[in-house]
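Residue numbers (the numbering used here): 123 to 226.
Here a beta-carbon is modelled for each residue, glycine too, at the ideal position from N, C-alpha and C.
Predicted model, so just to flag it, every value in this text is computed and none were measured.
Structure first, commentary second.
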Ligand SMILES: [Zn+2]
């Protein structure tokens with residue numbers, strides 16, 4: 123028996139909400155700005171490598187030595203921190219649980 127069960131409604135709700143949120147963000151991905159075509163002085167836009175939504179916006183003359191733009195949006199970063207997604211490898215925890223069951 124795992125640490126979490128169906129009866130842990132709070133955990134399920136939070137996890138399911140995170141996964142559903144990711145699905146919705148991927149389905150309704152906003153149009154990306156092409157940084158190369160923006161007028162001089164425009165900020166540089168960065169997009170989440172998981173869902174495609176804006177993850178950061180920095181000044182054109184930002185110094186990459188002192189600031190590393192976010193490559194994941196806040197929602198995906200939170201889902202990763204809570205263990206619902208694996209960074210750089212989008213596997214929802216549902217699928218991880220299935221794999222663990224198969225491994226038994
Ligand atoms: Zn994201």
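Residue i CB to nearest heavy atom of ligand 3 below 7 Å
{"i": "residue 197", "result": "Judged by which ligands are present, ligand 3 is missing from the structure shown, whose ligands are ligand 1."}
Contact set for residue i: own chain, Cβ-Cβ below 7 Å, skip 5 residues either direction
{"i": "residue 149", "result": "none"}
{"i": "residue 163", "result": "182"}
Residue environment, residue i, which counts as buried when at least 16 other CB atoms sit within 10 Å
{"i": "residue 135", "result": "exposed"}
{"i": "residue 189", "result": "exposed"}
{"i": "residue 137", "result": "buried"}
{"i": "residue 160", "result": "exposed"}
Reduced DSSP secondary structure (H/G/I, E/B, other) of residue i
{"i": "residue 179", "result": "strand"}
{"i": "residue 149", "result": "helix"}
{"i": "residue 207", "result": "coil"}
{"i": "residue 166", "result": "strand"}
Residues near residue i in its chain [Cβ-Cβ closer than 8 Å; skip 5 each side]
{"i": "residue 176", "result": "152, 167, 168, 169, 170 and 195"}
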